[in-house]
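Q:
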Amino acid sequence: MKWKKFFQAILFPPVAVPLILLPIATVLLVYAMAYVGTETPVAYFAYALSAYTLTIICLRIPRLVRFFKAFRQENRFAKRWMDDERLRIKVSLYGSLVWNVAYAAFQLWLGFTRGSFWFFSLSAYYLSFAVMRFFLARHTRSHRRNEDRESEFIRYRACGWIFLLLNLFLSVMVFFMVYFDRANEYTEIIAIAMAAYTFTSFVLAIVSLVKYRKYDSPVYSASKIISLAAACVSILTLEASMLHVFGKSESVAFRRTMLAVTGVAVSVFIVVMAIYMIVRATKQLKRIRSQNTDG
992 MKWKKFFQAI LFPPVAVPLI LLPIATVLLV YAMAYVGTET PVAYFAYALS
1042 AYTLTIICLR IPRLVRFFKA FRQENRFAKR WMDDERLRIK VSLYGSLVWN
1092 VAYAAFQLWL GFTRGSFWFF SLSAYYLSFA VMRFFLARHT RSHRRNEDRE
1142 SEFIRYRACG WIFLLLNLFL SVMVFFMVYF DRANEYTEII AIAMAAYTFT
1192 SFVLAIVSLV KYRKYDSPVY SASKIISLAA ACVSILTLEA SMLHVFGKSE
1242 SVAFRRTMLA VTGVAVSVFI VVMAIYMIVR ATKQLKRIRS QNTDG
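Following the numbering used here, the numbering of the sequence shown begins with 992 at its first residue and continues without gaps.
Here is the structure:
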C-alpha cells in the first residue's frame, strides 16, 4: 500500500505541480540547447524533467476530458459557446487575425534588430494574411453563414487572386533565400521560437480545415485556407533556420537544394489552391446569378 501511495503521489501530483514544472522545463531546455550544449548535466536534467512533466500531463488527460465535458454541460458561458456557431467563427477569425499580426510584428522586430531585409519581407507577407483575414471578418460582422452566398463567394475568389499575387512575392523571397543563402540570419533561439509557432499553426490549420468543412461557407473555408498557406510558408522558413542552426556540417549546395525543393513545393501548392478557389467561386457565382435572373 505504501508503494501504491508513493507511485500515486509521483504520477498524479496536485494540479499546481505540472503547471509549475512546465515553464521551468521549457526554460531549461531552451537554455541547454542555446547556451550550455546538449550533452551537459544541465541538459540531461532538462531532458529528465521534461519527460516527467510530459508524463504527468498525459496521465491527467482522461481527468481533463471528464472535467471539460462536465464544465461544458453546466456552465452557461460554455453552453452558449457550443450553441452559438457565429460566435465561435468570429472568435476564430479575429483570433487568427491577432495571431498573424503578432507574428508579423515579431518578424518586423527581428528586421529592425538584425537589420535584415529578409525579416522585413516575412513581416510584410504575414501582414498580407492578416489583411485578408480582416477582409473576411468584416463580412461575419453583418452576415450570418450563407446569408449572402454571392458576397461570400466574391470574397472567396478575391482571396484566390490575392494568393496568386502573393505567390509572386513568395517566389522572390525563395530566390532571395536560396541564391543569397539568407538562412544565416537565424539564431538558435529564433529557430526554436519558429519551430513552436510552425508546429502549432500547422496542426491547428489542418484540424480547422477539416472541422469547418461541414459549415459549407466560402468565408469560413477561405479563412482556414489562409491558415494552411501561412503554415506552409512557416515550414519553409523553419527549414531555412534549422538547416543553418543545426545543419552547419552540410554544404551550401545541399542547403540551397533543400530550400529550393521545398520552396517550389510550397509555391506550387499555393498556386493550385488559388486557382481552385478562383475556378470554384467563378462557377458558383455564375450559378447564383443565373438563378437570380431566372427568378
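All residues carry an ideal CB built from backbone N, CA and C; glycine is no exception.
Bear in mind the structure is a predicted one, so any value in this text is a computation, not a measurement.
1) What's the gap between the Cα of L1127 and the Cα of S1232?
2) With respect to the alpha helix (DSSP H) encompassing V1163, which residues constitute its N-terminal and C-terminal limits?
3) Can you list, in chain order, the residues of its chain whose CB lies under 8 angstroms from that of R1280, leaving out five sequence neighbours each side?
4) Report the residue from L1113, Y1188, N1091 and F1260 whose alpha carbon sits nearest the alpha carbon of L1101.
5) Just to confirm my understanding: we take N1270, look at its own chain, exclude 5 residues before and 5 after, and list those with CB closer than 7 angstroms. What are they?
6) So for G1106, helix, strand or coil by DSSP?
7) Would you tell me roughly how many angstroms separate the C-alpha atoms of I1197 and K993, rounded to the nearest one?
8) Quick check on DSSP: helix, strand or coil for R1057?
9) For K996, count neighbouring Cβ atoms within 10 angstroms of its own Cβ and tell me buried if that reaches 16, exposed if not.
10) Kindly indicate which residue of F1003, G1106, V1018 and R1278 has the alpha-carbon position closest to the one of L1055.
11) Out of S1119, Y1085, A1187 and Y1043, state which residue places its alpha-carbon closest to the alpha-carbon of R1129.
12) Helix, strand or coil for N1066, going by three-state DSSP, please let me know.
13) What's the call for S1208, buried or exposed, on a 16-neighbour Cβ count within 10 Å?
14) Are I1226 and M1264 closer than 8 angstroms when you measure CB to CB?
15) Quick check: the Cα distance between Y1038 and Y1026, rounded to an integer number of angstroms?
16) How many angstroms separate the CA atom of R1135 from the CA atom of T1044?
17) Please report the straight-line C-alpha distance between V1210 and P1005, rounded to a whole angstrom.
A: Reading from the atomic positions:
1) For the purposes of this step, residue 1127 is identified with residue 136 of the sequence shown, where counting begins at 1. For the purposes of this step, residue 1232 is identified with residue 241 of the sequence shown, where counting begins at 1. Between the C-alpha atoms of L1127 and S1232 there is a straight-line separation of about 32 angstroms.
2) Translated into the one-based positions of the sequence shown, residue 1163 becomes position 172. DSSP places V1163 inside the alpha helix (DSSP H), whose first and last residues are R1140 to Y1170.
3) Position 289 of the sequence shown holds residue 1280. Excluding sequence positions up to five before and after R1280, its CB lies within less than 8 angstroms of the CB of E1141, all in the same chain and listed in chain order.
4) As a working mapping, residue 1101 is identified with position 110 in the sequence shown. When only C-alpha atoms are compared, the closest one is L1113.
5) Here residue 1270 corresponds to residue number 279 of the sequence shown, with the count starting at 1. Note that residue 1270 is Val in the sequence shown here, rather than Asn. Within the same chain, V1270 has no close Cβ partners at all.
6) As a first step, residue 1106 is located in the sequence shown; it is residue number 115 there, counting from the start. It is coil, neither helix nor strand.
7) Position 206 of the sequence shown, counting from 1, holds the residue named residue 1197. Position 2 of the sequence shown, counting from 1, holds the residue named residue 993. The straight-line gap from Cα to Cα measures roughly 46 angstroms.
8) Sequence index remark: in the sequence shown, residue 1057 carries index 66 (1-based). Note: R1057 maps to helix in three-state DSSP.
9) Position 5 of the sequence shown, counting from 1, holds the residue named residue 996. Exposed, by the Cβ-count rule.
10) On the sequence shown, position 64 is the one that residue 1055 refers to. Per the Cα distances, F1003.
11) Position 138 of the sequence shown, counting from 1, holds the residue named residue 1129. The residue among S1119, Y1085, A1187 and Y1043 with its C-alpha nearest the C-alpha of R1129 is Y1085.
12) Reading the sequence shown from its first residue, position 75 is the one you call residue 1066. N1066 falls in the coil class under three-state DSSP.
13) The residue labelled residue 1208 in the question sits at position 217 within the sequence shown. So S1208 ends up on the buried side.
14) The count along the sequence shown starts at 1 and reaches residue 1226 at position 235. The count along the sequence shown starts at 1 and reaches residue 1264 at position 273. No, the pair does not count as a contact, with Cβ atoms beyond the cut-off.
15) As a position in the sequence shown, residue 1038 is number 47, starting the count at 1. As a position in the sequence shown, residue 1026 is number 35, starting the count at 1. Rounded to whole angstroms, the gap between the alpha carbons of Y1038 and Y1026 is 15 angstroms.
16) Position 144 of the sequence shown, counting from 1, holds the residue named residue 1135. Position 53 of the sequence shown, counting from 1, holds the residue named residue 1044. Whole-angstrom Cα-Cα distance: 43 angstroms.
17) Stepping through the sequence shown from its first residue, residue 1210 is reached at position 219. Stepping through the sequence shown from its first residue, residue 1005 is reached at position 14. In this structure, the CA atom of V1210 is about 44 angstroms from the CA atom of P1005.
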